[in-house]
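Read the structure below first, then the notes.
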Amino acid sequence: MAVGSVTVVQVDNLQGDFSAAERVFLFIGKNAVPDHDNEIIPIDAASDLDEVLAPGESELKTMIAAARSNAASDNFACYALPVGTGTDWKEALYSALDKPLDLDVEAVVLCTPVKTKLEVEACQVAANEVLSRFAKFVCIFAGCAGIDAKTETWAKYLEKVGALVDNVNCDRVVLVPQLHGNNLGVIAGRLCNPAASLADSPMRVATGALVGLGADPVDSAKAPLNMATIKALAALRLSVPQWYAGYPGMFWADHALLAAEGSDFSVYENRRVLDYLARRVRVLAIGKIADRRLNNTPRSIAIHKTFFAEPLREASRDIEVAGVTMPGLIYPPADNAIGIVWNSRTNVSISITARPYECPKTITMYLGLDLSNLN
1034 MAVGSVTVVQ VDNLQGDFSA AERVFLFIGK NAVPDHDNEI IPIDAASDLD
1084 EVLAPGESEL KTMIAAARSN AASDNFACYA LPVGTGTDWK EALYSALDKP
1134 LDLDVEAVVL CTPVKTKLEV EACQVAANEV LSRFAKFVCI FAGCAGIDAK
1184 TETWAKYLEK VGALVDNVNC DRVVLVPQLH GNNLGVIAGR LCNPAASLAD
1234 SPMRVATGAL VGLGADPVDS AKAPLNMATI KALAALRLSV PQWYAGYPGM
1284 FWADHALLAA EGSDFSVYEN RRVLDYLARR VRVLAIGKIA DRRLNNTPRS
1334 IAIHKTFFAE PLREASRDIE VAGVTMPGLI YPPADNAIGI VWNSRTNVSI
1384 SITARPYECP KTITMYLGLD LSNLN
C-alpha cells in the first residue's frame, strides 16, 4: 500500500542582491604613530581621524581627510591600513585580504609616493596578485611627489615624472602627481561622490568643483602651475586637476590608467564599469557549476542568456531626478550581448558585452551671424 508523503525543496535561483565594493577604498600609508600599524581601520563620515588613526599629521590622514571632503556624502566609508617604515605595502595588502574580515574594496589608494618605474609596475603586480589569489577586482591609485619648489623647474619636473611612466603598460594602475600635496585623496573622494555615477568621468563639471585642494604649486623660478603643464602631464597619462579660463573652481581631468595606447581601459570609468559587472557575473557563474540546468539545448541557452544578462539590465536602468533622466551605467543589453558556446560536454564559454554611453569631453562650438534681410 502507498503511504502519502510530501517533500518541500527550496530551490535557490540566484536572484538575490550582490555585496557592493564600489565607492569603498582602502588607503595604505604611514600613520603619525605606529600604534595601529597593519591593522584594518574602518572609517566613515563621522569618524574622528585623530581618534581612529592618531593625533598629528600623516600622509594617511591627509589623504583620507581630502577624500572625505570631496565625497560630500554622509555615507562615505573607507578602510585605512597603516604600515610602518620598511614594511612592504603589498604584503600588508595581501595579509589584510587574507583575514576573516571579508575586505571588499573597489580600489587601493597608496599614500606613500612611488619614486621609481619599478615601484609603479609593482602596483600592477599587486593588482594582478589580488585578482589571482583573492578573486577581487581592484585598481591601485598611486601618488608621486609634487614639484620641489627649491630645485625643480616645471620642465625638469615633467622629465622626472615622465621617467616613471615611460613605456609602462599597467592597466590597473593610476598615477597621481601630488601637485597640491593632497591630490590623491581629492580624486579618491571625487570618485566616491554620489552626485556622479560609476560610469561618470571625474572630469564631469556637473559633479561640482574640487574642495580642500592644497596650496597652488610653483617651481624654482616661482612660475605657477599652468594649463600647458597640466596638458603635458595628462599627455603622460597622469591623473591631474584642471580649470577653465573664466570659469570659477578647480575640476579634474580624466582619471587615466597607465594602459597601452588604444586600450579600452585608458580611462578609469571604463575599467570601473567592467569591474562592477565582473564582480556580479562571477558570482552567478559560480552558482552554475555542475548545474545541469545549464546545458546545450536551445531552451537552456535562451534561459541562461537572460540569466547572465541580469547584471547588465540592472546597470542599464535610468534614474529620473526632477524630470531629468540620468542614464544608466551602460546601454540596455542587446539580444547578442550574451553568447553561450559549449566547447565540450563539461566546458562552456560565456561572452558578455557591455556598451557604455557616449560622453562629451571635447566640445566645439560654432557661432556665426545671420545678416540676411528678413524684411
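Going by my numbering, 1203 is the number at position 170 of the sequence shown; the sequence numbering is gapless. Built from N, CA and C at the ideal position, the CB exists for glycine as well.
*Name the DSSP beta bridge partners of E1353, please?*
T1358
*Where do the ends of the alpha helix (DSSP H) carrying Y1309 lie?*
1301 to 1319
_D1368 classed as buried or exposed, judged by whether at least 16 other C-beta atoms fall within 10 angstroms_ = exposed
*asked:* Quick check: V1153 and L1197, are their CB atoms within less than 7 Å of each other?
replied: yes
*Anticipated Cβ contact below 8 Å, S1208 with C1172, distance rounded*: A small correction: the amino acid at residue 1208 is Leu; Ser does not occupy that position in the sequence shown. 11 Å between Cβ atoms; not a contact.
_Among S1102, A1261, A1100, the one whose alpha carbon lies nearest that of A1188_ = A1261
*Touching by the beta-carbon criterion (3+ pairs, under 8 Å), the region 1089 to 1107 and the region 1130 to 1138*: no
*Alpha carbon to alpha carbon, how far is I1385 from N1215?*
38 Å
_Cross-strand partners of Y1280 (DSSP beta bridge)_ = Y1277
_Quick check on F1298: does DSSP put it in helix, strand or coil?_
coil
*Which first and last residues belong to the beta strand (DSSP E) in which S1382 is found?*
1381 to 1385
*Apart from the five residues just before and just after A1160, which ones in its own chain have a Cβ nearer than 6 Å to its Cβ?*
V1171, I1173, R1205
_Tell me the rounded alpha-carbon separation between N1064 and A1168._
29 Å
_Neighbourhood of V1273 by C-beta, 8 Å cutoff - its chain only, sequence neighbours within 5 removed_ = V1209, P1210, L1212, N1216, I1263, L1266, A1267, W1285, A1286
_Length-filtered (3 minimum) beta strand (DSSP E) runs lying within the region 1048 to 1115_ = 1058 to 1062, 1074 to 1077, 1110 to 1115
_Range of the contiguous beta strand (DSSP E) that encloses G1214_ = Per DSSP, G1214 belongs to no beta strand (DSSP E) and is neither H nor E.
*Provide the residue span of the beta strand (DSSP E) that contains V1207, from first to last.*
1206 to 1210
_Buried or exposed for C1392, going by 16 or more other Cβ atoms inside 10 Å?_
exposed
*Hey, out of D1068, P1360, P1365, K1338, whose CA is closest to I1383's CA?*
K1338
_Close-in-space but distant-in-sequence residues of the same chain around S1296 (CB under 7 Å, 5 per side omitted)_ = D1204
*Extent of the continuous alpha helix (DSSP H) to which V1158 belongs*: 1150 to 1167
*Tell me whether the beta-carbon of L1231 lies closer than 7 Å to the beta-carbon of R1305.*
yes
*asked:* Less than 6 Å between C-beta atoms, sequence neighbours within five positions excluded: which residues of the same chain meet that for G1021?
replied: This structure cannot settle anything about residue 1021, because the visible part of the chain is limited to 1034 through 1408.
_Exposed unless 16 or more other CB atoms sit within 10 angstroms - verdict on A1335_ = exposed
*Grab me the residues of E1072's own chain with a C-beta within less than 8 Å of its C-beta, minus the 5 sequence neighbours each way, in chain order.*
L1114, P1115
*My guess is that V1158 and L1130 are in contact by the Cβ rule of under 8 Å, so how many angstroms apart are they, rounded?*
Actually they are not in contact, since the Cβ atoms of V1158 and L1130 sit about 15 Å apart, beyond 8 Å.
_Just to check my reading of the structure: C1156 and E1092 have Cβ atoms closer than 8 Å, yes? What is that Cβ distance to the nearest angstrom?_
About 16 Å; that fails the 8 Å criterion.
*Report the residue from N1108, D1068, V1036, K1123 whose alpha carbon sits nearest the alpha carbon of F1060.*
K1123
*Neighbour-count burial assignment, P1344, 16 or more Cβ in a 10 Å radius*: buried
*Round the Cβ separation of L1290 and Y1301 to the nearest angstrom and send it over; I've been treating them as touching at under 8 Å.*
6 Å
*Whole-Å CB distance - S1253 paired with E1185, under 8 Å assumed*: 6 Å
*In terms of DSSP beta bridges, what is L1143 paired with?*
I1061, A1175
*Which first and last residues belong to the beta strand (DSSP E) in which V1374 is found?*
1371 to 1375
*Please go through the same chain and pick out, in chain order, the residues whose beta-carbon is closer than 7 Å to the beta-carbon of P1360, but skip the five residues on each side of it.*
D1351, Y1390
*Alpha carbon of A1387 to alpha carbon of I1363, nearest angstrom*: 7 Å
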